[in-house]
Every structure is written in C-alpha cells, then in structure tokens.
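Enquirer: Let me begin by handing over the structure; questions about it come next.
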Amino acid sequence: MGEPNDLKEKGNEYFKSGDYDRALSCYAKALESGSMKNLEKAVVYKNRAACHLKVGDHISAVADATQSLNLAPNDPKALFRRCQAYEALGKVEEAFKDVSQLMKVDPQNKAARPVFARLNAIVQEKLKQRNSTTNKVSQMFNITFDPATDKQKRLQGLNNLVVLAREEAGATMITSAGGLAKLGQLLAWKDAEILQATARVLATLAKGSKERCRSVVDVIGLPALLHLMSGAETEEMASSVALLIQNIIMCLAGLDVYQALLKQYEEDKKKGNRKPYPQLKLDDEAQAFLNELFPALVKMLVSAKVTAWGRDAAMELITKNVVSKEGADWTQHFLETQGVENLLTVAGTQKEFKTLPITKNSSMHASVALSKIYDDLVNDKLREKFKEKCHEYFRDLFSDGIFESKIEAVAAISTLLQGPYEVGGMLLGLDGVTGLMFSLAETENTQYQRVAVEAIVNSASKKEKCSGILKDAVPILKKLYQSGEDHIKVRALVGLCKLGSFMGTDASAQPMAEGSTLKLSRICRKFLVNANQDSDLRKWATEGLAYLTLDADIKEELASDTQALASIFGLAKESDRNMTYASVTVLVNLTNSYDKQEVSPEMIELAKFAKQHIPEEHAKDKPEFVTSRVKKLAAAGVINALVSLSDTDSTNSRELLCRVFMALATEESLRGLIVQQGGIKSLLQLMNNNTDAGAILASHTLAKISVTSNPTFAFPGQRVYEVVRPLLSLLHPDRTGLENFEALMGLTNLASVSESVR
Numbered sequence: 001m002g003e004p005n006d007l008k009e010k011g012n013e014y015f016k017s018g019d020y021d022r023a024l025s026c027y028a029k030a031l032e033s034g035s036m037k038n039l040e041k042a043v044v045y046k047n048r049a050a051c052h053l054k055v056g057d058h059i060s061a062v063a064d065a066t067q068s069l070n071l072a073p074n075d076p077k078a079l080f081r082r083c084q085a086y087e088a089l090g091k092v093e094e095a096f097k098d099v100s101q102l103m104k105v106d107p108q109n110k111a112a113r114p115v116f117a118r119l120n121a122i123v124q125e126k127l128k129q130r131n132s133t134t135n136k137v138s139q140m141f142n143i144t145f146d147p148a149t150d151k152q153k154r155l156q157g158l159n160n161l162v163v164l165a166r167e168e169a170g171a172t173m174i175t176s177a178g179g180l181a182k183l184g185q186l187l188a189w190k191d192a193e194i195l196q197a198t199a200r201v202l203a204t205l206a207k208g209s210k211e212r213c214r215s216v217v218d219v220i221g222l223p224a225l226l227h228l229m230s231g232a233e234t235e236e237m238a239s240s241v242a243l244l245i246q247n248i249i250m251c252l253a254g255l256d257v258y259q260a261l262l263k264q265y266e267e268d269k270k271k272g273n274r275k276p277y278p279q280l281k282l283d284d285e286a287q288a289f290l291n292e293l294f295p296a297l298v299k300m301l302v303s304a305k306v307t308a309w310g311r312d313a314a315m316e317l318i319t320k321n322v323v324s325k326e327g328a329d330w331t332q333h334f335l336e337t338q339g340v341e342n343l344l345t346v347a348g349t350q351k352e353f354k355t356l357p358i359t360k361n362s363s364m365h366a367s368v369a370l371s372k373i374y375d376d377l378v379n380d381k382l383r384e385k386f387k388e389k390c391h392e393y394f395r396d397l398f399s400d401g402i403f404e405s406k407i408e409a410v411a412a413i414s415t416l417l418q419g420p421y422e423v424g425g426m427l428l429g430l431d432g433v434t435g436l437m438f439s440l441a442e443t444e445n446t447q448y449q450r451v452a453v454e455a456i457v458n459s460a461s462k463k464e465k466c467s468g469i470l471k472d473a474v475p476i477l478k479k480l481y482q483s484g485e486d487h488i489k490v491r492a493l494v495g496l497c498k499l500g501s502f503m504g505t506d507a508s509a510q511p512m513a514e515g516s517t518l519k520l521s522r523i524c525r526k527f528l529v530n531a532n533q534d535s536d537l538r539k540w541a542t543e544g545l546a547y548l549t550l551d552a553d554i555k556e557e558l559a560s561d562t563q564a565l566a567s568i569f570g571l572a573k574e575s576d577r578n579m580t581y582a583s584v585t586v587l588v589n590l591t592n593s594y595d596k597q598e599v600s601p602e603m604i605e606l607a608k609f610a611k612q613h614i615p616e617e618h619a620k621d622k623p624e625f626v627t628s629r630v631k632k633l634a635a636a637g638v639i640n641a642l643v644s645l646s647d648t649d650s651t652n653s654r655e656l657l658c659r660v661f662m663a664l665a666t667e668e669s670l671r672g673l674i675v676q677q678g679g680i681k682s683l684l685q686l687m688n689n690n691t692d693a694g695a696i697l698a699s700h701t702l703a704k705i706s707v708t709s710n711p712t713f714a715f716p717g718q719r720v721y722e723v724v725r726p727l728l729s730l731l732h733p734d735r736t737g738l739e740n741f742e743a744l745m746g747l748t749n750l751a752s753v754s755e756s757v758r
C-alpha cells in the first residue's frame, strides 16, 4: 500500500465499490508521495475529480480536473469531468468551452454529444439575452445619466439598472460601458433618493464578483463609500451602503467561498467524515483593504459627525466581519485599536446628553458586537486583555469627577451585562458601582432611574444571580414600581419578575408570597395591551413574562388571554427585533418545549434519603394541559408569528422557534395549519444557521408533517426535493427511535411522489 501506483489502484477499487471517502484518501496519499510522473499524476487527479463529483463537491472537482489538464492537456475524461462540475456550479459558458474542446478532441464521444447539444442551446439563448441586455443597458444609461431627465425617470432608470445588474450579462455590460464612473458622478448629488438608488446599483454589481468589487474600490474609493454611509440620514440609506461594503468584503476577502467551505465542513462532520477545519487565507489585496476598512469603522463609532444610522451600520459591519468563524479573523487586530473603548462609549451614550447621535438600537448593536468579539478571542491572555481595556475605561469614567460620565458608565455596564456577561459581572465588583446604581435609582430624575433600574435588572441575567444584587434591590424596585412613570414602572416590574421566577418550574418552591407572581403577570399583561401600544412598554412586559411563564398557573391564564397573545405576536411583525428572544421564550414556556431533565425514580429516592430538595412538577404542566395550551396558541395565530420571526439572525432564537414548531406539529390536527400558513418554508430556512439541537428539531417537525400529509399539497414543486435531506439527517444511531421511525415513514411517503424524488 505504500507505493503510489498501489495507492492509485486501491483508490480505483474503492471508487468502483462506492466508498468515495476511502478512494479520496488513497488518491491524496498517492499524490503526496511525490514520486509519480506527470502523466501518472494527471490520471490520479482526474480520478479524484470523479470522486468529488460523486460526493457533490463540485469546486474540488473543478480544481482537480484543472490540475489533470495542466499535466495532460485535452484529456477527454478530465475535460468531461470539469464540464460536469462547471455545469453543476452554474458556470454554463465554462462548461460549454470544455465540452466543445472535448468534441474537437474526441468527435465520437457518445457521452459528450447530448451534453454539447444541451449546453449549446443554453449558450445560444444566453447570447440572445446578452444582445437584448446590451440594448436595455444602453436605454437605461440614456435615461439615468442625462442631466435633462427629470428625477422620477432617473430613479426608475436606476431601479431598472438594479434588475439588470442581478444577471451576470447585465452586470458585465454596465461595467464595461463605463457605468461605474457614471454612478460615481451621481454620488456627488445631494438628493437622498438618488444616492440610495445609486448605492443599490453598486451593491448589486459588487455581489459575487471579485473583479467588479475591485473596480468599485478603484473607481469610487472606500473613503467615498464610508463618507456616504457616515452621512446617511435614514436607516435605508445606511443599510444600502453597508450592503455594498459587505458585498465587497465577501468577495475581496473570499468570505463567500470560505463560508461555503464551512457549511460543507459542518455537513461532513454530521455524516462522520473527518476533514481539516477550513482556514481563511487572505491575499495582500484583501489584507490591505481590511486594514483600511476596520480602523475607519472604529473611528466612525465615536465621531460626532457620523449620523445615528451610519453608526449602527458601522457596528453591524464590525459584528459580521471581525470574528474568525465566518468572518475575516480580525479580532486580535481589533484589540490593538480603540475598538473596545469606542463600542463601550456607544453603549453608554445617553440621548439626553447629546454627545453622539444614536438610535434606540445603538446600545444593542454595541452589546452584540462586544459579545461576538469577546467570544471569538481564542485564549485567556486575549480575554484578559479585553477585560483590562474595559477595566481601564470604566476606571477613567468613574474617576473623572463628571456626574454625566458616571451615568454613562452605569449604562455601559448594563449593556455589557446583556452581552459578555462575565465582563459585566466583573465590573459590578468595582468599588462603589453597586452603591452608585442604588443611589441613582433612588433619585427623582427619571433618566437616572431608568439607567439604574436597567442595570439592576440586567445584573440578574442568569437565574443563579437573582439572589445577589437583585435581591438586595427589592425595596428599591418596589418603590420604583409605585412611581407614576410607566417606563420606570415596567422595568422595575421585570426585576421583580426575575426574582419571582428563579426557582424555574419547581412547583414546590415559592420565592415570593403565594399569589405574588400571578399578580405580577397580570400587570405585565396590562402593559402588553396598553391603549397607547407603546412598543417599549410591550417589550419590557414581554421580558417579564419570559421569566414568569415558567409557572404553570401563569401559563394557563396567558394562554387564554387572546389580547395579550396578539400583542406578543404583534412584536414579531415589527422591525425592531431586540425582543425576539423574549417573545419566543414565552411561547416555549407556554408549550413546555424547553429541555426537561429526566430524573430516575432511584435518584429521587436517593435525594429523599439525603434530605435534598426534590423539584415537583406542577399539576397544570401535565400533558392534557399542555395540549390545550398549544391548541389555544394555534387558534390565536401563533404560526404566523413564528413565520415572521424565522428570519432572525440569532442562533439561540432560531432554536427556540424550532421548539415551538415541534410542539405544534406533535398535535396531528395542527400539521395542516402549519402547511397552510407558510410553516414549511420557515422550517427549511431554520435548518441553516441553527444550533445542532435546533436543526434536529426542524428536521423532526418536517418528518412529522410528511408522515400524515399529502406530499403534493404539503411540499409543492421543488420544495418536495428540499425536504428529503432534512429527513435523511435524522437517520442516525445518535437520534432517538421516534426520530428515526418518523423520518423513515416520511421518506416512504415522499417516495410515492415521483421517480425523481425516489
């Protein structure tokens, strides 16, 4: 087995028997030996390309077939395999070039003839479309870039250019006809609508093309794009420019390819195929671009010239791209800048002090960015550096003698407690911080009260912390709850709700006087259905219920309160997604779809003998009550709310959504409702960017629906093919017997649809 030719032959045997992983391993070892001649290597490369085709790794198939052709030009099998891989990747013109060359080399090749005929027809059609596209681009240029044309027609022309730029032919025509320079001239306009439409065209052109991204940077320039984003007067404008910059990052840094490799790695890992973890490799051009971009974004965070929307967009770009996993691996560099300190400045900024323009979401953006950066630090030394930077920042704020600085410091700590909790908890231990929070809460100034009570409430983000600061603050919280200001009152209410729920679902424990938690929940429900429909009050009330609904008595009351439920569902349809997690947590609690620890009877007896506390299940958490609540939620419109929430970026929220979907699908009578209200599409979306548990729950939900539904109606058109892979993922020894059984039943049902599905 040590000789390269023996390895090659063994690889061929594995290939014939369908054991492609072993075949790939043998071919790799043969190539690594270094003792093969070029023509022998060419054979191994084209054989390995065939393996990659079989397992669906078309990018690797192209790479290996190309290596083979470099060593043995015009080899028919290598040409054909690269043609197949190109076609699978959607690169039809490249595939046609290869099959055309193959027909010249081997005109009698029977396998190539039908492929040549099919691709020829596609390429000819594309040529016609390209000619048509050329005319359309010319027309749009005449309309869009003519100063004599009125504004509405120019806007329409820009919108049409967006549509044309979505197709490769249209994008190529626009850039080759000097469109980038003309679009750059429009960026000098002061009209917000024209600027936003121009940014959308540029963002579409930049998507998926490294060459066009390079051209945008060369012609328009990164400083001009950042200036445009920093001056954005609307959220839409800032988002359009941020999308353009994001598309450039994806292409220049190769993040699009890297993320595809990560996805493939995760799929292989689930199948038990062990491969090296993909590594992002940045070339000099990409590194130079990022080294210019990230420091500029860091400076934007604390510039008073940057608009509130521009600041949020800068934080979003940092959050998406600075981390190592799925990002540009810039966290260590980020620690060398003022990035952490600047994010803390945004986190503590108060609108009333007018130091920096911020939106209502700026603090949460800063919290998410800080959390992502801290979690991405790979060792204790870097984490200590992060903590030290935070410690120095707050030490300076608390010692500068300016009262407003102390308010901002408390607000920033509150933000940290929602992000990297460990760091926020450390800062609570600084001398005088807790006392300052309590003092601010007892002032008559509503702004100081709001900042302080939020910090107190966030200090107990984890159940085990509820007996700490929060418990000491109960008298203050009760006093604030009696205040006349609703926004202070509802925040104090959440603190009391947290304290009342820290024993979880244990029915034998009563941390507060009997009936107190029910009273708190009723007050939360009043805030939920307040006449003004104040979204801030509704969000805080929902957070309170996220804690209280661990109590089964409260679950029963809330499940019957259609007005309160409608308010929670309504939050799902609003653009502000800061409360997604709390809203879905309420639904998870109502449906009892959280993880339950199974305790064996032997352990209970042992606990009794040791005189340990034994948690008790509430009588209203028994199956018949849960079923009733699930049906009430479905009748109240919970499925539409779940569908609205399913595009959230939060991985944890996506898992919770899958838990609720699973609870609904467990009731056979509700499966048709899930199909009717768009649940299938949402479940397929939730398969991506989810926890392992969340992906399994989504797959199992689809399996349950496929067992009892007519596949033609439940999964129309192409969707029936999309459901196959999730069901197959459940067929594994690590899955439960029920998961395996229902997946097999569902697959049996799907197999009745057509030969291609089979």
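For the sequence shown, position 536 (counting from the first letter as 1) is numbered 536 according to UniProt numbering, and the numbering increases by one without interruption. Backbone N, C-alpha and C define an ideal beta-carbon position, used for all residues, glycine too.
1) Would DSSP call residue 354 helix, strand or coil?
2) Shortest alpha-carbon distance to residue 21 belongs to which of 274, 210, 560, 240?
3) Do three or more CB pairs link the region 1 to 13 to the region 41 to 55 at distances below 8 Å?
4) What separation, rounded to the nearest whole angstrom, lies between the Cα atoms of residue 148 and residue 677?
5) How far does the alpha helix (DSSP H) with residue 714 in it extend, from its first residue to its last?
6) Measuring alpha carbon to alpha carbon, tell me which of 389, 347, 372 ends up nearest residue 335.
7) In angstroms with no decimal places, state the Cα-to-Cα distance between residue 408 and residue 435.
8) Can the beta-carbon of residue 686 be found less than 9 Å from the beta-carbon of residue 639?
9) Would you mind reading off the limits of the alpha helix (DSSP H) that contains residue 384?
10) My output table needs one value for residue 718: the three-state DSSP class, helix, strand or coil.
11) Once the 5 residues before and after residue 427 are set aside, which same chain residues still bring their CB inside 8 Å of it?
12) Does DSSP classify residue 402 as helix, strand or coil?
13) Between the alpha carbons of residue 750 and residue 493, how many angstroms are there, rounded?
14) For residue 361, which option in 163, 235, 191, 396 has the closest C-alpha, if you only look at C-alpha atoms?
15) Could you tell me whether the region 475 to 484 touches the region 439 to 456, where touching means 3 or more Cβ pairs closer than 8 Å?
16) Can a CB atom of chain C be found closer than 9 Å to the CB of residue 249?
17) With distance defined between alpha-carbon atoms, name the residue in 94, 558, 238 nearest to residue 227.
18) Run the CB neighbour count on residue 406, radius 10 Å, all protein chains shown included, and call it buried at 16 or more, exposed below.
19) Per the contact definition of three or more C-beta pairs closer than 8 Å, is the region 202 to 209 in contact with the region 166 to 179?
20) Leaving out five residues before and five after residue 491 in sequence, what residues of the same chain have Cβ atoms less than 7 Å from its Cβ?
21) Please report the Cβ distance between residue 762 and residue 712, rounded to the nearest whole angstrom; I am assuming they are in contact, meaning their Cβ atoms lie under 8 Å.
22) Could you tell me whether the region 579 to 588 touches the region 542 to 562, using the rule of 3 or more Cβ pairs below 8 Å?
23) Mind checking residue 734: buried by the 16 CB within 10 Å criterion, or exposed?
24) Buried or exposed for residue 661, going by 16 or more other Cβ atoms inside 10 Å?
25) So does the region 248 to 265 actually touch the region 324 to 339, counting three or more Cβ pairs closer than 8 Å?
26) Give me, in chain order, the residues of the same chain whose beta-carbon lies closer than 7 Å to that of residue 198; leave out the 5 immediate sequence neighbours on both sides.
27) Determine, using beta carbons only, whether residue 537 and residue 486 come nearer to each other than 9 Å.
28) What first and last residue would you give for the alpha helix (DSSP H) that runs through residue 426?
29) Under the three-state reduction of DSSP, which class applies to residue 366: helix, strand or coil?
30) Where does residue 467 fall in DSSP's three states?
31) In terms of residues, what are the limits of the alpha helix (DSSP H) holding residue 156?
32) Express the C-alpha separation of residue 276 and residue 710 in angstroms, rounding to a whole number.
33) Under 8 Å by Cβ, that's how I've got residue 350 and residue 447 pegged, so tell me the actual separation to the nearest angstrom.
34) Is residue 274 helix, strand or coil when you go by DSSP?
Expert: So, from the data block:
1) As a position in the sequence shown, residue 354 is number 354, starting the count at 1. Shown here, residue 354 sits in coil according to DSSP, grouped into three states, outside any helix or strand.
2) Counting from 1 along the sequence shown, the entry for residue 21 is found at position 21. Closest option to residue 21, Cα to Cα, is 274.
3) They touch, by the three-pair rule.
4) By 1-based counting over the sequence shown, the position of residue 148 is 148. By 1-based counting over the sequence shown, the position of residue 677 is 677. Approximately 49 Å between the Cα atoms of the pair.
5) Start at 1 with the first residue of the sequence shown, and residue 714 comes out as number 714. For residue 714, the enclosing alpha helix (DSSP H) has its first and last residue at 711 to 714.
6) Within the sequence shown, the letter at position 335 stands for residue 335. For residue 335, the closest C-alpha among the options 389, 347, 372 is that of 389.
7) For this step, residue 408 is matched to residue 408 along the sequence shown. For this step, residue 435 is matched to residue 435 along the sequence shown. Put simply, the backbone Cα of residue 408 is about 15 Å away from that of residue 435.
8) Numbered from its first residue, the sequence shown carries residue 686 at position 686. Numbered from its first residue, the sequence shown carries residue 639 at position 639. Here residue 686 is not near residue 639, since their CB atoms are 9 Å or more apart.
9) By 1-based counting over the sequence shown, the position of residue 384 is 384. Per DSSP, the unbroken alpha helix (DSSP H) holding residue 384 starts and ends at 380 to 399.
10) Within the sequence shown, residue 718 is the residue found at index 718, counting from 1. Coil, per DSSP.
11) As a working note, residue 427 is residue 427 in the sequence shown. Excluding sequence positions up to five before and after residue 427, its CB lies within less than 8 Å of the CB of 390, 391, 394, 413, 416, 433, all in the same chain and listed in chain order.
12) In the sequence shown, counting from the first residue as 1, residue 402 sits at position 402. Secondary structure at residue 402: coil, using DSSP grouped into helix, strand and coil.
13) As a first step, residue 750 must be located in the sequence shown, where it is residue number 750. As a first step, residue 493 must be located in the sequence shown, where it is residue number 493. Rounded to whole angstroms, the separation of the alpha carbons of residue 493 and residue 750 is 51 Å.
14) As a working mapping, residue 361 is identified with position 361 in the sequence shown. By alpha-carbon distance to residue 361, the top candidate from 163, 235, 191, 396 is 235.
15) Cβ pair count under 8 Å is three or more, so yes.
16) In the structure shown, chain C does not exist; there is a single protein chain.
17) If you number the sequence shown from 1, residue 227 lands on position 227. Ranking 94, 558, 238 by CA distance to the CA of residue 227 puts 238 first.
18) If you number the sequence shown from 1, residue 406 lands on position 406. Burial check for residue 406: the Cβ neighbour count within 10 Å reaches 16 or more, so the residue is buried.
19) Touching, yes, given that three or more Cβ pairs across the two stretches are closer than 8 Å.
20) Translated into positions along the sequence shown, residue 491 becomes position 491. Excluding positions up to five away in sequence, the list reads 450, 453, 454, 457, 540.
21) This structure leaves residue 762 out entirely; the chain is present only between 1 and 758.
22) In this structure the region 579 to 588 lies against the region 542 to 562, because at least three pairs of beta carbons, one per stretch, are closer than 8 Å.
23) Counted from its first residue, the sequence shown places residue 734 at position 734. Counting the other Cβ atoms within 10 Å of the Cβ of residue 734 gives fewer than 16, which makes it exposed.
24) If you number the sequence shown from 1, residue 661 lands on position 661. Residue 661 is buried by the Cβ-count criterion.
25) These segments touch.
26) Counting from one through the sequence shown, the residue named residue 198 turns up at place 198. Sequence-distant Cβ neighbours of residue 198 in its own chain, meaning closer than 7 Å and more than five residues away, are 158, 183, 186, 187.
27) Counting from one through the sequence shown, the residue named residue 537 turns up at place 537. Counting from one through the sequence shown, the residue named residue 486 turns up at place 486. Here residue 537 is near residue 486, since their CB atoms are less than 9 Å apart.
28) Locating residue 426 in the sequence shown gives position 426, where the first residue counts as 1. The continuous alpha helix (DSSP H) containing residue 426 extends over residues 421 to 428.
29) Within the sequence shown, residue 366 is the residue found at index 366, counting from 1. Three-state DSSP puts residue 366 in a helix.
30) Here residue 467 refers to the residue found at position 467 when the sequence shown is read from its first residue. With a pLDDT of only 47 at residue 467, under the threshold of 50, the placement of this residue in the model should not be trusted; the figure read from the coordinates follows. For residue 467, the secondary structure class from DSSP, reduced to helix, strand or coil, is coil.
31) Working through the sequence shown from its first residue, we reach residue 156 at position 156. In the DSSP annotation of this structure, the continuous segment of the alpha helix (DSSP H) that includes residue 156 starts and ends at 151 to 165.
32) In the sequence shown, residue 710 corresponds to position 710, counting from 1. In the sequence shown, residue 276 corresponds to position 276, counting from 1. One C-alpha to the other measures close to 42 Å.
33) Your numbering for residue 350 matches position 350 in the sequence shown. Your numbering for residue 447 matches position 447 in the sequence shown. That belief holds up - the Cβ atoms of residue 350 and residue 447 are roughly 7 Å apart, short of 8 Å.
34) What you label residue 274 is simply residue 274 of the sequence shown in a count that begins at 1. Three-state DSSP puts residue 274 in coil, outside helix and strand.
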